[in-house]
Amino acid sequence: MTVDFRLGDDQRALQAGMRTLLAARYPREKLRAAVDAPPALDGAQGAPEAHGAADPGPDRKVWRALGEAGFFALRLAEKDGGSGLGLPEAVLLFEEAGRALLPGPLAATHLAAGLVPGAADGTRIVTALDGPGVAEHLTSSDAVLLLTSDTARLLPMEAGAGPRALRARPFRSVDPLTPLHRVDPPPPVCPGVIDTSADAARLRREAALLTAAQQLGSARGAITLAVSHARRRTQFGRPVGAFQAVQHLCAQMLVRTDLARASVYAASLTEDPAEIAAAKLLADSAAIRNARDCLQVHSGLGFTWEADIHLHLKRAWVRAFQWQSTEESEEFLANELLMDAAEENAPDVWWGTEGGENVLA
Amino acid sequence: MDLSGTEEEEAFRHGLRAWLRETLPKLPPRPPATDWPARRAFDCAWQRALYDAGYAGLHWPSDAGGRGAGPTQHLIFLEETERAGAPYVGANFVGLLHAGPTIAAEGTAAQRARWLPPILRGDEIWCQGFSEPEAGSDLAALRTRAVLDGDSYVVTGSKLWTSHAEVADWCELLVRTDPSAPKHRGITWLALPMDAPGVTVRPLRTLAGSDEFAEVFLDGVRVPVGNRVGAENDGWRVTMVTLAFERGTAFAGEVVACRRTLTRLARAARANGRWDDAVLRRRLGRLNAEFTALWRLTQWNVSEADHAARTGGSGVPGATGSVFKLRYSEARQELYEAAAGVLGPESLDAGRAWTADRLSSLSYTIAAGTSQIQRNVVAERILGLPRAW
Chain A
4 MTVDFRLGDD
14 QRALQAGMRT
24 LLAARYPREK
34 LRAAVDAPPA
44 LDGAQGAPEA
54 HGAADPGPDR
64 KVWRALGEAG
74 FFALRLAEKD
84 GGSGLGLPEA
94 VLLFEEAGRA
104 LLPGPLAATH
114 LAAGLVPGAA
124 DGTRIVTALD
134 GPGVAEHLTS
144 SDAVLLLTSD
154 TARLLPMEAG
164 AGPRALRARP
174 FRSVDPLTPL
184 HRVDPPPPVC
194 PGVIDTSADA
204 ARLRREAALL
214 TAAQQLGSAR
224 GAITLAVSHA
234 RRRTQFGRPV
244 GAFQAVQHLC
254 AQMLVRTDLA
264 RASVYAASLT
274 EDPAEIAAAK
284 LLADSAAIRN
294 ARDCLQVHSG
304 LGFTWEADIH
314 LHLKRAWVRA
324 FQWQSTEESE
334 EFLANELLMD
344 AAEENAPDVW
354 WGTEGGENVL
364 A
Chain B
1066 MDLSGTEEEE
1076 AFRHGLRAWL
1086 RETLPKLPPR
1096 PPATDWPARR
1106 AFDCAWQRAL
1116 YDAGYAGLHW
1126 PSDAGGRGAG
1136 PTQHLIFLEE
1146 TERAGAPYVG
1156 ANFVGLLHAG
1166 PTIAAEGTAA
1176 QRARWLPPIL
1186 RGDEIWCQGF
1196 SEPEAGSDLA
1206 ALRTRAVLDG
1216 DSYVVTGSKL
1226 WTSHAEVADW
1236 CELLVRTDPS
1246 APKHRGITWL
1256 ALPMDAPGVT
1266 VRPLRTLAGS
1276 DEFAEVFLDG
1286 VRVPVGNRVG
1296 AENDGWRVTM
1306 VTLAFERGTA
1316 FAGEVVACRR
1326 TLTRLARAAR
1336 ANGRWDDAVL
1346 RRRLGRLNAE
1356 FTALWRLTQW
1366 NVSEADHAAR
1376 TGGSGVPGAT
1386 GSVFKLRYSE
1396 ARQELYEAAA
1406 GVLGPESLDA
1416 GRAWTADRLS
1426 SLSYTIAAGT
1436 SQIQRNVVAE
1446 RILGLPRAW
């Protein structure tokens, strides 16, 4: 092989299969029905138990359909009921999930596929808590993956018991389809927790990458929405997409998305921690910025509840905080610059070249 | 998707590294930025060294004097030479990256034999005569006239932003041969000898204080018909091949250089205490992500071009080059702004080498198609939005 970013035939088929599945199982009508259902905006008031009733959770039928299609078991060995595929394939599937705005702790359940019985086939929903902080879908999940920088533990439980077990406090999530709980530090020691031998650092990196892939999908989805609106909507007797001011917004959406895509795909191949941090950082920015620009292209319509754009933006905000946040990614990448061993003894070319003096000396 | 090199590519990489390790320490010191004849000599000597070692024209077809390697190998060449701190292509830029590839793609066998070997050997320098005072972003509006007279075109007009004109032997010149045709259809591509009677070069001082640009005045200059590449009035298409090259891989090495500059900046910030500034530190972290991704995007574009070449396509990077150039040019400007943050008041010292680089970077969002034009290209050709007005 040579350096090649093009998808292979099998990868293309996998991607198409996921699109077909989502179109059938999670079409836009289903997304809108969930968003517009009255209990979706559950209140922060009341006890966690009361909150539980208000969180219908991710659609279990969709979850099982994903399980049957191998979404969660994708990277398990074939002898363990998986497909034996790798991160590049997982990234493609998560990208499609992000584009369809499929809610739920997809990355956590995918990572728990070899750890929690039922996660692989989609019969159990597993959420995660990365250190103290915010957990999604805590009420509706069947287990919680508790990660710190060096430990990976599991808290299996009856559905609905999560908030009480972790002494978590619900708050009204900005994303109508991602219920959130705050878990204060230090993470409580709770009964029933099982230690695992899983490599916590690896799980966190993979979660960051799979989350980046969802952000990438959302960013690409926003381009599709913006471009189709700009072609259709007419003002001053022309499609608004014929105005350079609108064109340039759309062009910038593509630029940041292509950068993020190259970064996410490359990181899925190298699994390099710095490349994963770069992928998360750029995909987070692409998802958020694209939703904002898409909103602007839609003008007044973009500000309505009825348009899907705010769903992209709100999900992007949530995902940007999950796993590696913007701040964490930037700090990691800054420190990585100091680690570059190849540069330790390199000749000072840039500083000294033509002026012949070295400002650093 | 795959990022691993073939055995052949890795062997090439190792051979190149060994050669660079041996060769670079023996190079003479680089001449001052203002000494153009010395810079030409230095750039040509470096090109000659590459030629003698078999590294010139790697990805050019073998019947154009090249080595017939794929774009991927060319990319490895750019990556490794930049990593090793080898000299920049310099005055050979137009010959190697614009004029040469155009002649290789569109020239006759005789034209390729005449012009390509001297480019590869570093014997002849080319400059680019495209832009005019009234034809910048709207390049096709160019007005420099060429009238056929016997076996020569008689050329009259003027060109602007002609880099390296003072030391160039040849100019890839766009002229209007049919003023009555629609503007894109009356243009012809000529190779102009810079020593022809009627050619006047006037240096143009840039805001960086340098004079690598020039205005070129053409007053009844006779250019033999044999110097025309492609058919008469087909120059626009011929030119587009060149410009696509320019946006494709021309800046690949510089992405590597920017990443290296960033590591130096980080070290400098740690040494002078600015590293404690979280805003600055995080800015450097984000630029690390940007340049890492720009390098991957370059590889992506090249792998597409590589594939196209192998399956009978042109192997010329297309509109995706515009996506790359848009982000690269701005990220590079941001890099210098971050550098100013690291250096503090030192950044006001015009005597420092980096100040010239910072000032030069202001041209990146303008040269080779302004960012605004690139956004039009992306919107119309990739996203399929209606033509702007």
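These protein sequence lines are chains A and B, in that order. Heads up, the first sequence is in the numbering used here, so the first residue is 4 and it goes up one at a time. Heads up, the second sequence is in the numbering used here, so the first residue is 1066 and it goes up one at a time. C-beta: ideal position from N, C-alpha, C; glycine also. No experiment lies behind these values; they were computed from the predicted model shown.
> What are the residues that DSSP puts in a beta bridge with residue 1211 of chain B?
Replying inline: Here residue 1211 of chain B corresponds to residue number 146 of the second sequence, with the count starting at 1. For residue 1211 of chain B, the pairing in a beta bridge is given by DSSP as B:1220.
> Any Cβ of chain A within less than 7 Å of the Cβ of residue 1453 of chain B?
Replying inline: Locating residue 1453 of chain B in the second sequence gives position 388, where the first residue counts as 1. For residue 1453 of chain B, the nearest CB of chain A lies under 7 Å from its own CB, placing it at the interface with that chain.
> Can at least three beta-carbon pairs, one atom from the segment 1418-1426 of chain B and one from the segment 1398-1407 of chain B, be found at a separation below 8 Å?
Replying inline: Two segments are said to touch when three or more pairs of C-beta atoms, one from each, lie closer than 8 Å; by this definition the segment 1418-1426 of chain B touches the segment 1398-1407 of chain B.
> Taking the C-alpha atoms as reference points, what is the distance between residue 22 of chain A and residue 307 of chain A?
Replying inline: Looking up residue 22 of chain A in the first sequence gives position 19. Looking up residue 307 of chain A in the first sequence gives position 304. C-alpha separation (whole angstroms): 27 Å.
> Whose C-alpha, out of B:1215, B:1095, B:1143, B:1087, is nearest the C-alpha of residue 1291 of chain B?
Replying inline: Sequence index remark: in the second sequence, residue 1291 of chain B carries index 226 (1-based). Taking each of B:1215, B:1095, B:1143, B:1087 in turn and checking the Cα distance to residue 1291 of chain B, the smallest one comes out for B:1215.
> Using 7 Å as the limit for Cβ to Cβ distance, is residue 1364 of chain B near chain A?
Replying inline: Working through the second sequence from its first residue, we reach residue 1364 of chain B at position 299. Taking CB atoms only, residue 1364 of chain B has a neighbour in chain A less than 7 Å away.
>> Looking only at its chain, what residues have a beta carbon closer than 8 Å to the beta carbon of residue 1082 of chain B, apart from the 5 residues adjacent to it on each side?
In response: Position 17 of the second sequence, counted from the start, is the residue given in the question as residue 1082 of chain B. The answer, listed in chain order, is 1145, 1149.
>> Quick check: what's the CA-CA separation for residue 142 of chain A versus residue 60 of chain A?
In response: Residue 142 of chain A sits at position 139 when you count from the first residue of the first sequence. Residue 60 of chain A sits at position 57 when you count from the first residue of the first sequence. When rounded, the distance between both Cα atoms is 8 Å.
> Which residues, in chain order, does the segment 1069-1085 of chain B contribute to contact with chain A at a C-beta distance below 7 Å?
Replying inline: Under the 7 Å Cβ criterion, the segment 1069-1085 of chain B contributes 1069, 1070, 1071, 1074.
> Which one of B:1348, B:1080, B:1225 has the shortest CA to CA distance from residue 1141 of chain B?
Replying inline: On the second sequence, residue 1141 of chain B is found 76 positions in, with the first residue counted as 1. Of the candidates B:1348, B:1080, B:1225, the one whose C-alpha sits nearest the C-alpha of residue 1141 of chain B is B:1080.
> Can you find a C-beta in chain A that's less than 7 Å from the C-beta of residue 1228 of chain B?
Replying inline: Residue 1228 of chain B sits at position 163 when you count from the first residue of the second sequence. Answer no: the Cβ-Cβ gap between residue 1228 of chain B and chain A never drops below 7 Å.
> How would you label residue 1252 of chain B, buried or exposed, when you count the other beta carbons within 10 angstroms and need 16 or more for buried?
Replying inline: Within the second sequence, residue 1252 of chain B is the residue found at index 187, counting from 1. It is buried - the Cβ of residue 1252 of chain B has at least 16 other Cβ atoms within 10 Å.
>> Assuming residue 1293 of chain B and residue 1254 of chain B are in contact, meaning their beta carbons sit under 8 Å apart, how far apart are those beta carbons, in whole angstroms?
In response: Locating residue 1293 of chain B in the second sequence gives position 228, where the first residue counts as 1. Locating residue 1254 of chain B in the second sequence gives position 189, where the first residue counts as 1. Contact holds; Cβ gap of about 7 Å.
>> Can you check whether the C-beta of residue 333 of chain A is within less than 7 Å of a C-beta belonging to chain B?
In response: Counting from one through the first sequence, the residue named residue 333 of chain A turns up at place 330. Closer than 7 Å: yes.
> Looking at C-alpha atoms only, which residue of B:1210, B:1069, B:1132 is the closest neighbour of residue 1297 of chain B?
Replying inline: Position 232 of the second sequence, counting from 1, holds the residue named residue 1297 of chain B. Nearest C-alpha to residue 1297 of chain B: B:1210.
> In or out: residue 72 of chain A buried (at least 16 other Cβ within 10 Å) or exposed?
Replying inline: Mapped onto the first sequence, residue 72 of chain A falls at position 69. Buried, since its Cβ has 16 or more Cβ neighbours within 10 Å.
> Buried or exposed: residue 1091 of chain B, going by 16 or more other Cβ atoms within 10 Å of its Cβ?
Replying inline: By one-based count along the second sequence, residue 1091 of chain B stands at place 26. Within a 10 Å sphere around the beta-carbon of residue 1091 of chain B sit fewer than 16 other beta-carbons, which makes this residue exposed.
> Out of curiosity, what's the CA-to-CA distance linking residue 140 of chain A and residue 252 of chain A?
Replying inline: Walking along the first sequence from the start, residue 140 of chain A turns up at place 137. Walking along the first sequence from the start, residue 252 of chain A turns up at place 249. Straight-line Cα distance between these residues: approximately 34 Å.
> According to a CB-to-CB cut-off of less than 8 Å, which residues of the segment 222-241 of chain A neighbour chain C?
Replying inline: Going by chain labels, chain C is absent from the structure shown, which instead holds the protein chains A and B.
> Opposite residue 197 of chain A in the DSSP bridges: which residues?
Replying inline: Here residue 197 of chain A refers to the residue found at position 194 of the first sequence. Under DSSP, residue 197 of chain A forms a beta bridge with A:157.
> Near residue 285 of chain A, what residues of its chain come up, given a Cβ to Cβ distance below 6 Å and the 5 sequence neighbours on each side ignored?
Replying inline: Looking up residue 285 of chain A in the first sequence gives position 282. Excluding positions up to five away in sequence, the list reads 262, 263, 266.
> Exposed or buried, residue 1329 of chain B, counting other C-beta atoms within 10 Å across all chains shown (16 or more means buried)?
Replying inline: The sequence position of residue 1329 of chain B within the second sequence is 264, counting from 1. So residue 1329 of chain B ends up on the buried side.
> If contact means a Cβ-Cβ distance below 7 Å, which residues of the segment 79-106 of chain A contact chain B?
Replying inline: Listed by position, the residues of the segment 79-106 of chain A near chain B (Cβ gap below 7 Å) are 91.
> Sorted by chain position, which residues of the same chain lie with C-beta nearer than 7 Å to residue 88 of chain A's C-beta, five sequence neighbours on each side aside?
Replying inline: Stepping through the first sequence from its first residue, residue 88 of chain A is reached at position 85. Contacts found: 77, 78.
> Which value, in whole angstroms, describes the spacing of the CA atoms of residue 1114 of chain B and residue 281 of chain A?
Replying inline: Taking the first residue of the second sequence as 1, we reach residue 1114 of chain B at position 49. Taking the first residue of the first sequence as 1, we reach residue 281 of chain A at position 278. Whole-angstrom Cα-Cα distance: 37 Å.
>> So, with DSSP's three-state summary, where would you put residue 1297 of chain B?
In response: Start at 1 with the first residue of the second sequence, and residue 1297 of chain B comes out as number 232. In the structure shown, the three-state DSSP call for residue 1297 of chain B is coil.
>> Suppose the cutoff is 6 Å on Cβ atoms and the five residues either side in sequence are ignored; what does the same chain contact list for residue 36 of chain A look like?
In response: For the purposes of this step, residue 36 of chain A is identified with residue 33 of the first sequence, where counting begins at 1. Excluding sequence neighbours, residue 36 of chain A sits near nothing in its chain.
>> Can you pull the chain A neighbours of residue 1450 of chain B, defined as C-beta to C-beta under 9 Å?
In response: The residue you call residue 1450 of chain B lines up with position 385 of the second sequence. Simply 230, 233, 234, 242, 244, 245, 249, 250, 253, 254.
> Got a sec? Which residues, its chain only, sit under 6 Å from residue 1277 of chain B by beta carbon, not counting five neighbours each side?
Replying inline: As a first step, residue 1277 of chain B must be located in the second sequence, where it is residue number 212. Shown here for residue 1277 of chain B: same chain residues with a beta carbon closer than 6 Å to its own, the five before and five after excluded, namely 1228 in chain order.
> Quick one: Cα of residue 260 of chain A to Cα of residue 227 of chain A, how far?
Replying inline: Numbered from its first residue, the first sequence carries residue 260 of chain A at position 257. Numbered from its first residue, the first sequence carries residue 227 of chain A at position 224. Roughly 12 Å between the two C-alpha positions.
>> Can you tell me where the beta strand (DSSP E) holding residue 1272 of chain B begins and where it ends?
In response: Here residue 1272 of chain B is taken as the residue at index 207 of the second sequence, counted from 1. Taken as a continuous stretch (DSSP letters only), residue 1272 of chain B belongs to no beta strand (DSSP E), as it is neither H nor E.
> Using CA coordinates, which residue listed in A:211, A:254, A:201 is at the minimum distance from residue 1387 of chain B?
Replying inline: In the second sequence, residue 1387 of chain B corresponds to position 322, counting from 1. Checking every option, the nearest Cα to that of residue 1387 of chain B belongs to A:254.
> Apart from the five residues just before and just after residue 1444 of chain B, which ones in its own chain have a Cβ nearer than 6 Å to its Cβ?
Replying inline: The residue given as residue 1444 of chain B occupies position 379 in the second sequence. Only 1450 meet the Cβ criterion.
> Which ranges does the alpha helix (DSSP H) cover as unbroken runs of at least 4 residues, wholly within the segment 1081-1138 of chain B, from first to last along the chain?
Replying inline: Within the segment 1081-1138 of chain B, the complete alpha helix (DSSP H) runs of at least 4 residues are 1101-1117.
>> Using the Cβ count rule (16 or more neighbours within 10 Å means buried), how would you classify residue 197 of chain A?
In response: Your numbering for residue 197 of chain A matches position 194 in the first sequence. By the Cβ-count criterion, residue 197 of chain A is exposed, with fewer than 16 other Cβ atoms from all chains shown falling within 10 Å of its own Cβ.
> Using a beta-carbon distance cut-off of less than 8 Å, what residues from the segment 7-21 of chain A approach chain B?
Replying inline: Of all residues in the segment 7-21 of chain A, 7, 8, 9, 10, 11, 14 have a Cβ within less than 8 Å of some Cβ in chain B.
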